[in-house]
Amino acid sequence: MSHDDATGEGRERFAPVDDQYDPGAVEPRVFDHWEAADAYERTVEHRSDGEDFFFVDGPPYTSGAAHMGTTWNKVLKDLYIRYHRMQGYDVTDRPGYDMHGLPIETKVEERLGFENKKDIEEFGEQAFIEECKAFAQEQLVGLQEDFQDFGVWMDWDDPYRTVSPEYMEAAWWGFSQAHERGLVKQGKRSINQCPRCETAIANNEVEYHDVTKPSVYVRFPLADREGSLVVWTTTPWTFVANTFVAVDGDLTYVGVDAERSASAETGTDRLYVAEACLEEVLEAGRYDDYEVVERVTGAEMVGWDYDHPLAEEVADHPQGEGAGQVYTAEYVEADRTGLVHSAPGHGEEDFERGQELGLEAFCPVDSDGVYTDQAGAYAGSFVREANDDVIADLDRKGLLLADEETTVREGQCWRCNTDIVRVVTDQWFITITDIKDELLANIEDAQWHPEWARDNRFRDFVEDAPDWNVSRQRYWGIPIPIWTPSPDSSATGDGDAAGWDGDMDEVIVISDRAELAERADQAVDPEEVDLHKGTVDELTITEDGTTYTRVGDVFDVWLDSSVASWGTVAYPSETADYEQLWPADLILEAHDQTRGWFWSQLGMGTAAVDQSPYEEVLMHGYANMPDGRGMSKSKGILVDPGEVIEEYGRDPMRLFLLSVTAQGEDMNFSWEETEEMQRRLNILWNVARFPMPYMRADGFDPEETTVADVRADLELVDEWVLSRLQSVEATMTDHMEAFENHRAVEALLDFVVEDVSRFYIQVVRERMWEADDSAGKQAAYATLYRVLEEVTALFAPFVPFVAEAVYTTLTGETGHPTVHMCDWPEPDERLRDPELEGEVEVVRAVEEAGSNARQQAERKLRWPVARVVVDVDSEAVAAAVEARADLVADRLNARRVEVLGPAEEWGELRYSAVADMSELGPAFGDDAGRVMEALNAARVGEPTLDALRTTVSEALDGGVELTEEMVEFRRETPPEVAGVEFAAEEGGGVVYVDTALTEDIESEGYAREVVRRVQEMRKDLDLAIEAEIRLDLAIDDDRVAELVERHTDYLEEEVRASDRGAVEDGHRRTWDVEGVEVEIGIEPRGADRREASSQASSE
RNA sequence: GGGCCAAUAGCUCAAUCAGGUUGAGCGCUCGGCUGAUAACCGGGAGGUUCGCGGUUCAAAUCCGUGUUGGCCCA
């Protein structure tokens, strides 16, 4: 809507607005207004004395632009931030960005043309970190511009960034707290290693694809008995590290003498396999005969020794205490051979079982996937490429039974698609398995919406969660603040922890910059120091004659965001906000964060301070394509929010995101629905636009004339719409408090479309059009103003632009500088009247049925009907219709409304019967035809068999026995009466409309036909509403002309005709009114004439 | 392979928790209104409630199973 001075001063109330809601025009104006009026800053300031509400923003990762998912997320956050502000809270709205991590390193490497870690080392760590920092910052700016463009109000000038010293320090502090509670340790773990990135990949960063791999059956010769164990694998390269063979203790295994007689490779082998797998193994090994010579359980095989299949090639193969033996293991299934080759230096399950058994985790593979010298003959080969060599060696030694291929799901690095290798390396852990009970207890302290997300999914996950591996062997991350004793006293700076025995009491964990400055050997300025790897790796600590050096690793990025609840308030460098606000009142993310940020925060909060860092969680779904597929930027399957804005606007997009999808569910984006949202907002726009010219013309002043001032003059519909408004407010507040935003906004849209637009405004239009000002008119103005003002506030958090535009036009200079400073409207109980709401609901049901009946009778609404008869089935409905008969008469343009209660019969009604011949036939035989004719011809006063029997018996000159099955009753209304059923909450009935014409009705009907056409001609001339005209009317039918002239006063008042007579050079048109030719001429009078002609000439 | 969520009119969703005649908006179509008018309002058609099986007097709803999609995990 239009105003030049965006600060509110001098802006004109009820100023003319665009005819159509055009988001493309409204939104830029609102942005300008916000900027000029400092709308955001003033809104924040307005609530600065309110109760604190600590919202914590889950930081989006800074690689790539905002997609529909992030858009939805931020718009939801904006909604709840705005809502809580309107509820009076002083809301923390600091946005955050997750800026560390491998994905950014990968992108920077691409940009710089790097292929692996060595390129980074050559480029220089510090320089590489600076590149990453610059890249992440670039991405941040792009993201932030997008978020602002969506109309999201957060503290964009001061986002928290996980790369800032204050934030990194927050991570150090949390980690050091966990350490002090004894929850940090170093340990070996089987990890997913990306050989290209040379780092561990979190399980959730692994993507699975189907790949073709070797499928080999190999026999391991037993050491102290005849025969071999048969194992199967898809990773022959791991045979190098084979340490034991696993069996299922309960499973039956057989020893067989298997023969190949037909082929070239003749001979007999004694093989041990699970009995259930025997056929498969023999077939794979191309044996054609066999004899079972032994049958044992897996348990009985435990302790059997075998020879390492690559003992000659790998001199260092596992051969210590307990190696090369059979053990039981949970992970064995009666599949393939029923015996599992186990390498604790690689596989996760193998590793865990190996730990239990006290076996060495032999891992002769480096971080780049290349065998170390320990791998003997294979040293220097990339493991996957060594598969063929291993297979060839096994074949040469006669150990290979079968060499096939199979398709399996294989993990790949999510960034570079390199196949993962499982290796065992030294990693740092937060041992959350030690605090499982506390974690499970702390879950209870947060309320989730929807609840099942916590009680089903989240709890299961927490119960099964392993220790948290927080270390990554990369560069772009928060350095792990652990300094370990160095073997020599000189500072090497390479983070080598050799020389330290793993005792956590002997390490130093630094918790903040001040402590670092104090304890470091080098001079450190805590204000200036950058905590990244390039800097801190140079720092050593020397205490009691021992020099400590930092471990080389950085934190997994999940640790970064896990400290967001205190990182947001810059704890520990600032303490006041933390003490006042923590923990978070609300966090709000998509369901992938259940095992992501919801979890990492709980884990970190519990490890550091044994408390849940958040109290309430709103979980939403994923944004999918219209057909339900997931969006994927890399595959080009996506809907770009920018395009949606371009096409339909910000508010319609927001409204779609906030109104269509239920809490916790995935959203399927829909262009059609977004367009529909624009149409709904157009109704809001028109509802607001409709009364303004009248208010302006009559000089209505909402400050002077409030609803309270016009209480006595309120009409029924005014009271009704005000009551409905209160109910909608109560409903919306309930839904918003339950985080059911889609229900809340649906209730509001319903109110605007159904109640205000379709009913209230329809009813109130006549009052607005009255020429003279009146108390009733002022009452309508005050009512509608109140409705619009509060509706605008209710819409504000959902569609901030259009709400702002309407609000500023409504309030002019008198309101807040922005609608977003308004309080959330609370229902005023004094205005609530549930009984009235019920009555009007009945009236509307009756109106609907009545309109339908009119349509059936083909009588336009413009023509009055003599009477409407409402036959109801409940006293409550009868009372409602009787009480509101005037309104019913008005809505249906009826002269009279009659109500028939449940006990009354309408004397004019008759019933007929439709005969069912399949029943009549058997019952009456030859007479069936006559009975049918009599039945069909019968008209009875009540729908009962008795009445029918009497009538039919008379017609047939003899009694007949009728049953319920034989007939179906039909209502027969009098001629020119149409009846339609209706139903309301407290009962229903039938509305009969009597459309019989009388001269009186014709007179009014024709008069209204003429009025309508004159109005159209006034509009042709673009006349002002109050402009007066001279009217020239010639009707080519004397009877009709006389009928119309009976309503001369009405006619002249309606069309503002202050003069009658010949119109020579005015606007003339000839109309066909119900078959009668009517010639109309009009011309504006006096001052209106000049105005009209000047308007005409300007077009 | 496992867990959680979803599947209802051409489209987007209600009704499912707590079993009782499947409903709304859009679209389509027919009509009305005519100073909100490129707006607004009414009627109508449109359903194997994803398939199969079970429990029940009664199933969209509860149970089992399969299919498809989403997310998480392996």
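Residue numbers (the working numbering): 21 to 1119. Note that the Cβ used here is the ideal one computed from N, Cα and C, for glycine as well.
CB-CB under 6 Å to R763, same chain, minus the five flanking residues each way: which ones, in chain order?
Within the first sequence, numbered from 1, the residue matching residue 763 stands at position 743. Contacts found: H755.
Under 8 Å between the Cβ atoms of F51 and T829?
Within the first sequence, the letter at position 31 stands for residue 51. Within the first sequence, the letter at position 809 stands for residue 829. It is not a contact, given that the beta carbons lie outside the stated cut-off.
Can you find at least 3 beta carbon pairs, one from the region 107–127 and one from the region 683–691, that sit closer than 8 Å?
no
Taking the CB atoms as reference points, tell me whether P922 and D893 lie closer together than 8 Å.
Numbered from 1 along the first sequence, position 902 holds the residue referred to as residue 922. Numbered from 1 along the first sequence, position 873 holds the residue referred to as residue 893. Yes, these two residues count as a Cβ contact at 8 Å.
If you compare alpha carbons, which of A903, K880 and W883 is closest to V890?
Against the first sequence, residue 890 aligns to sequence position 870. The residue with the shortest Cα to Cα distance from V890 is A903.
For the alpha helix (DSSP H) that M639 lies in, which residues bound it at each end?
Here residue 639 refers to the residue found at position 619 when the first sequence is read from its first residue. Looking at the DSSP string, M639 is not in any alpha helix (DSSP H); the run it does join, the beta strand (DSSP E), is E636 to H640.
Which value, in whole angstroms, describes the spacing of the CA atoms of V313 and F240?
Taking the first sequence and counting its residues from 1, the one referred to as residue 313 is at position 293. Taking the first sequence and counting its residues from 1, the one referred to as residue 240 is at position 220. Taking the straight line from one Cα to the other gives about 18 Å.
Straight-line gap, R306 to Q621 (C-alpha atoms, nearest Å):
Here residue 306 corresponds to residue number 286 of the first sequence, with the count starting at 1. Here residue 621 corresponds to residue number 601 of the first sequence, with the count starting at 1. The straight-line gap from Cα to Cα measures roughly 56 Å.
Going by other Cβ atoms of all chains shown within 10 Å of its Cβ, with 16 needed for buried, is Q40 buried or exposed?
Numbered from 1 along the first sequence, position 20 holds the residue referred to as residue 40. Classification for Q40: exposed.
Starting from Q683, follow its DSSP beta bridges and name the residues at the other end.
Counted from its first residue, the first sequence places residue 683 at position 663. The partner list for Q683 (beta bridge, DSSP) is empty, contrary to what the question assumes.
For the putative contact between N93 and A473, defined by C-beta atoms under 8 Å, what is the C-beta separation to the nearest angstrom?
Locating residue 93 in the first sequence gives position 73, where the first residue counts as 1. Locating residue 473 in the first sequence gives position 453, where the first residue counts as 1. In fact, because the Cβ distance is near 15 Å, the residues do not count as touching under 8 Å.
In whole angstroms, what is the alpha-carbon distance linking V444 and Y391?
Residue mapping note: residue 444 aligns to position 424 of the first sequence, counting from 1. Residue mapping note: residue 391 aligns to position 371 of the first sequence, counting from 1. Near 13 Å, if we compare the C-alpha coordinates of Y391 and V444.
Assuming E125 and C152 form a contact by the criterion Cβ under 8 Å, report the distance between their Cβ atoms to the nearest whole angstrom.
In the first sequence, counting from the first residue as 1, residue 125 sits at position 105. In the first sequence, counting from the first residue as 1, residue 152 sits at position 132. With a Cβ gap of about 6 Å, E125 and C152 count as contacting.
For A220, the residue or residues it bridges with in DSSP
Along the first sequence, one-based indexing puts residue 220 at 200. Bridge partners of A220: Q213.
Would you kindly report the start and end of the unbroken alpha helix (DSSP H) that includes H104?
On the first sequence, position 84 is the one that residue 104 refers to. Note, H104: alpha helix (DSSP H), M88 to M106.
Tell me where the alpha helix (DSSP H) around F618 begins and ends.
As a position in the first sequence, residue 618 is number 598, starting the count at 1. Membership of F618 in the alpha helix (DSSP H) is indicated by the continuous run W617 to V629.
I'd like to check one pair, A627 with I452: are the Cβ atoms closer than 8 Å?
In the first sequence, residue 452 corresponds to position 432, counting from 1. In the first sequence, residue 627 corresponds to position 607, counting from 1. The beta carbons of I452 and A627 sit closer together than 8 Å.
Per DSSP, R245 is paired with what?
Your numbering for residue 245 matches position 225 in the first sequence. R245 pairs with nothing; no bridge assigned.
Does DSSP classify H611 as helix, strand or coil?
Locating residue 611 in the first sequence gives position 591, where the first residue counts as 1. Note: H611 maps to helix in three-state DSSP.
Can you check which of these residues, C433, G719 and L271, is closest to P215 by C-alpha distance?
As a working note, residue 215 is residue 195 in the first sequence. Nearest C-alpha to P215: C433.
Would you kindly report the start and end of the unbroken alpha helix (DSSP H) that includes Q339?
Counting from 1 along the first sequence, the entry for residue 339 is found at position 319. From DSSP, Q339 is part of no alpha helix (DSSP H); its letter is neither H nor E.
Indicate the three-state DSSP secondary structure (helix, strand or coil) for T838 in the structure shown.
As a position in the first sequence, residue 838 is number 818, starting the count at 1. Three-state DSSP puts T838 in coil, outside helix and strand.
Test item: CB-CB of S210 and F371 under 8 Å:
For the purposes of this step, residue 210 is taken as the residue at position 190 of the first sequence. For the purposes of this step, residue 371 is taken as the residue at position 351 of the first sequence. In this structure, F371 lies closer than 8 Å to S210 by Cβ.
Would DSSP call E1099 helix, strand or coil?
Taking the first residue of the first sequence as 1, we reach residue 1099 at position 1079. Three-state result, E1099: strand.
Could you tell me which residues DSSP pairs with N489 in its beta bridges?
Position 469 of the first sequence, counting from 1, holds the residue named residue 489. For N489, which the question treats as bridged, DSSP gives the partners F449.
Simplified DSSP assignment, three categories, for G1007
Walking along the first sequence from the start, residue 1007 turns up at place 987. It is a strand residue.
Beta-carbon separation of G1120 and T357 under 8 Å?
Residue coverage of the chain in this structure runs from 21 to 1119, which leaves residue 1120 outside it and unanswerable.
Short Cβ contact (8 Å threshold) for D9 with N489
The displayed coordinates of the chain run from 21 to 1119. Any statement about residue 9 would go beyond what the structure contains.
Enclosing alpha helix (DSSP H) for L302 [first to last residue]
Here residue 302 refers to the residue found at position 282 when the first sequence is read from its first residue. Start and end: L298 to A304.
What does a CB cutoff of less than 6 Å around D465 pick up in its chain, not counting 5 residues either side in sequence?
Within the first sequence, residue 465 is the residue found at index 445, counting from 1. The answer, listed in chain order, is S632.
How should N476 be labelled, buried or exposed, when 16 other C-beta atoms within 10 angstroms of its C-beta is the threshold for buried?
Position 456 of the first sequence holds residue 476. It is exposed - the Cβ of N476 has fewer than 16 other Cβ atoms within 10 Å.
So, for D545: in the same chain, excluding its five sequence neighbours on each side, which residues have a beta-carbon less than 8 Å away from its beta-carbon?
Counting from 1 along the first sequence, the entry for residue 545 is found at position 525. Residues A537 of the same chain have their beta carbon placed closer than 8 Å to that of D545, with the five preceding and five following residues left out of the count.
Is the CB-CB distance between R911 and A886 below 8 Å?
Residue 911 sits at position 891 when you count from the first residue of the first sequence. Residue 886 sits at position 866 when you count from the first residue of the first sequence. No. Outside cutoff.
Using the Cα positions of R744 and E855, report the straight-line distance between them to the nearest angstrom.
Along the first sequence, read from residue 1 onward, the residue named residue 744 stands at position 724. Along the first sequence, read from residue 1 onward, the residue named residue 855 stands at position 835. Computed Cα separation, rounded: 11 Å.
Using the Cβ count rule (16 or more neighbours within 10 Å means buried), how would you classify S585?
For this step, residue 585 is matched to residue 565 along the first sequence. Looking at its Cβ environment, which holds 16 or more other Cβ atoms inside 10 Å, S585 is buried.
If distances are taken between C-alpha atoms only, which option among L419, S196, A156 and T232 comes closest to L242?
Residue numbering aside, residue 242 sits at position 222 when the first sequence is read from its first letter. Residue L419 is the option with its Cα nearest to L242.
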